[in-house]
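Numbering-wise (the working numbering), the sequence shown opens with residue 16 and increments by one.
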Amino acid sequence: MPALPPIERHWLLLRTLSARKPGCSVCELAAEFRVNEKTIRRDLGQLKRLGFPLEERAEEHGRKRWRVRTLKGCPGLSFDLTEILSLFLARRLLEPLAGSYFWDGAQSAFRKVRATLGHDAVRYLDRLGGMIHDPHQRTSDYRDHGDIIDGLMIGIEDRSFTFITYQSAKATEPLTYDVHPYGLVHHRGSLYLVADSQQHGEFRVFKVDRISDVAVEPLKFEKKAFDLKAFFDASFGVWKEDVEPMKVVVRFAASVARYIEEHHWPGCERKTLTAEGALLCEFRLAGLQEFKSWIMSFGAKAVVLEPQVLVEAIRDEAVALSCCYQAHADDAESRLDGPAARAVCARKPR
Numbered sequence: 016m017p018a019l020p021p022i023e024r025h026w027l028l029l030r031t032l033s034a035r036k037p038g039c040s041v042c043e044l045a046a047e048f049r050v051n052e053k054t055i056r057r058d059l060g061q062l063k064r065l066g067f068p069l070e071e072r073a074e075e076h077g078r079k080r081w082r083v084r085t086l087k088g089c090p091g092l093s094f095d096l097t098e099i100l101s102l103f104l105a106r107r108l109l110e111p112l113a114g115s116y117f118w119d120g121a122q123s124a125f126r127k128v129r130a131t132l133g134h135d136a137v138r139y140l141d142r143l144g145g146m147i148h149d150p151h152q153r154t155s156d157y158r159d160h161g162d163i164i165d166g167l168m169i170g171i172e173d174r175s176f177t178f179i180t181y182q183s184a185k186a187t188e189p190l191t192y193d194v195h196p197y198g199l200v201h202h203r204g205s206l207y208l209v210a211d212s213q214q215h216g217e218f219r220v221f222k223v224d225r226i227s228d229v230a231v232e233p234l235k236f237e238k239k240a241f242d243l244k245a246f247f248d249a250s251f252g253v254w255k256e257d258v259e260p261m262k263v264v265v266r267f268a269a270s271v272a273r274y275i276e277e278h279h280w281p282g283c284e285r286k287t288l289t290a291e292g293a294l295l296c297e298f299r300l301a302g303l304q305e306f307k308s309w310i311m312s313f314g315a316k317a318v319v320l321e322p323q324v325l326v327e328a329i330r331d332e333a334v335a336l337s338c339c340y341q342a343h344a345d346d347a348e349s350r351l352d353g354p355a356a357r358a359v360c361a362r363k364p365r
């Protein structure tokens, strides 16, 4: 193990001691981290001064071992130090939900963690938090949607008739829908409500960002046999299309094959590496709109082989895109060839 920066070594020390209930001797830790015993003693002393619950216990024959002291103040729950540290550091992943029901509950838990660890230890953890960064790309802002999310959660938990004011992406004005809410889905930084829409007579997906008002009624609805996970089994994203699942085959170029291989993709049932290094992927999907957008993000590095309807849809999109760029290029060229451009050329010294 190469020499670690002190802050990273401190984090690993805390994890190691938390995982080993009997504790570790300074000699054992020095050997494991490949530093001298003086460095380990300095690290342990610093962490203890910061307020971390570390203690040194004497054993028989004068041997001493460092261990994590049992934390009190959590009746009915038992967390070791590693679990508390992990929860504290993971709070950054909830920042896109700021202002929501989930965020408020998490903040309450984190306040208890802060009270348990103390100010100095928490300040130290904030420094450790810099080791983990989530850019929060394409995330929704729910700071003004706290009451709306709370209302939806109440409707889901109590199985209550709920009215939502919703404006879809294509609508010119909001409409009110009578829905029976079944659950919320978090997808790519946004929340979506899955509900049995009484107007549509089927389960629909509503983006929470587009809900401007929620009214929860005291009347209860009779819950249907519904599995939220199964509802999205054949979907590539969150939008459902009323079609039967179909087989989709895509050939990914060798330059992106490793990226595709490294990830789990919704609906992907088989990946086959070809002799040329390309990757053939077979999907089973009910609906192609979100999948089409994803495939096109790879450009020529992803080619759909089947079904034909998707092949034609992407080909038409590519032709339309090419025409747009050609029109832009022709327009730019015509401006260069216009009277103003010729006048500029005429003024140039020969």
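We put the beta carbon where it would ideally sit given N, CA and C, even for glycine. Bear in mind the structure is a predicted one, so any value in this text is a computation, not a measurement.
Cβ of F251 versus every heavy atom of the ligand NAP: is any distance shorter than 7 Å?
The model depicted lacks the ligand NAP and carries no ligand whatsoever.
Please confirm if the segment 125-135 is in contact with the segment 54-70, defined as three or more CB-CB distances below 8 Å between the two stretches.
yes
Considering only C-alpha positions, which residue in the set E276, C283, L300, W280 is nearest to E259?
L300
What is the residue span of the beta strand (DSSP E) that Y157 lies within?
Segment: none, Y157 is in no beta strand (DSSP E) and carries neither H nor E.
Is the distance from the Cβ of F267 to the Cβ of A230 below 8 Å?
no
What are the boundary residues of the beta strand (DSSP E) that A317 is part of?
317-321
Decide yes or no for the touch test of the segment 331-349 against the segment 286-294: beta carbon pairs closer than 8 Å, at least 3 of them.
no
Could I get the ranges of all uninterrupted beta strand (DSSP E) runs contained in the segment 210-249, with 3 residues as the minimum, in chain order?
Here the runs fully enclosed are 217-222, 226-235.
Measure the C-alpha to C-alpha separation of F251 and H160 and round it to an integer number of angstroms.
Looking at the two C-alpha atoms, the distance is approximately 27 Å.
Rounded to a whole number of angstroms, what is the C-alpha to C-alpha distance between D346 and C338?
12 Å
Considering V271, what are the terminal residues of the alpha helix (DSSP H) in which it resides?
269-277
In this structure, does DSSP put C89 in helix, strand or coil?
Bear in mind that a pLDDT of 46 at C89, under 50, signals an unreliable position, so the number given afterwards is only what the model happens to contain. Coil, per DSSP.
Name the two residues that bound the continuous beta strand (DSSP E) containing R84.
That residue, R84, is in no beta strand (DSSP E); it is neither H nor E in DSSP.
Using a threshold of 8 Å, state whether the C-beta atoms of L243 and V209 are closer than that.
yes
DSSP state of T131, grouped into three classes?
helix
Using the beta-carbon count (16 or more within 10 Å), is C42 buried or exposed?
exposed
What three-state label does DSSP hand A73 in the structure shown?
Strand at A73.
Take every Cβ of the segment 310-329, pair it with every Cβ of the segment 277-286, and state whether three or more of those distances are shorter than 8 Å.
no
Within the same chain, show all residues whose beta-carbon is closer than 8 Å to that of S40, passing over the 5 residues directly before and after it, in chain order.
R78, K79, R80, W81
Can you name, in chain order, every residue of its own chain whose Cβ lies under 8 Å from the Cβ of A328, other than the five neighbours on each side?
L303, K307
In this structure, does DSSP put D345 in helix, strand or coil?
helix
Can you round the beta-carbon distance between S155 and L206 to whole angstroms, since I take them to be within the 8 Å contact cut?
7 Å
Counting only the same chain and skipping the five closest in sequence on each side, list residues whose C-beta sits under 8 Å from that of E74.
R80
Could you spell out where the beta strand (DSSP E) holding C283 opens and where it closes?
283-288
Where H215 and A34 are concerned, what is the direct C-alpha to C-alpha distance, given to the nearest angstrom?
53 Å
Using CA atoms only, rank isn't needed, just tell me which of W309, M261, W26 is closest to Q61.
W26
Can you tell me where the beta strand (DSSP E) holding D58 begins and where it ends?
From DSSP, D58 is part of no beta strand (DSSP E) but of the alpha helix (DSSP H) over 52-64.
Between D248 and P37, what straight-line distance do the alpha-carbon atoms span, to the nearest angstrom?
45 Å
Count the other CB atoms, across all protein chains shown, that sit within 10 Å of the CB of G91; report buried if there are 16 or more and exposed otherwise.
For G91, the predicted structure reports a pLDDT of 49, less than 50, and the residue's modelled location is therefore unreliable. A value from the coordinates is still provided. When all chains shown are included, G91 counts as exposed.
If you compare alpha carbons, which of V319, P322, L167 is closest to K222?
L167
Taking the alpha carbon of E232 as the reference point, which residue from W254, I169, R203 has its own alpha carbon closest?
If we check each option's Cα against that of E232, I169 comes out closest.
What residue from I310, E297, E256 has the CA that sits closest to V271's CA?
I310
Which term fits R365, buried or exposed, when burial requires 16 or more other beta carbons within 10 angstroms of its beta carbon?
Low per-residue confidence applies at R365: pLDDT is 49, beneath 50, and the placement is therefore not dependable, though the value from the model is reported in the following sentence. With fewer than 16 Cβ atoms within 10 Å of its Cβ, R365 is classed as exposed.
Going straight from the alpha carbon of R56 to that of R285, what length do you get?
52 Å
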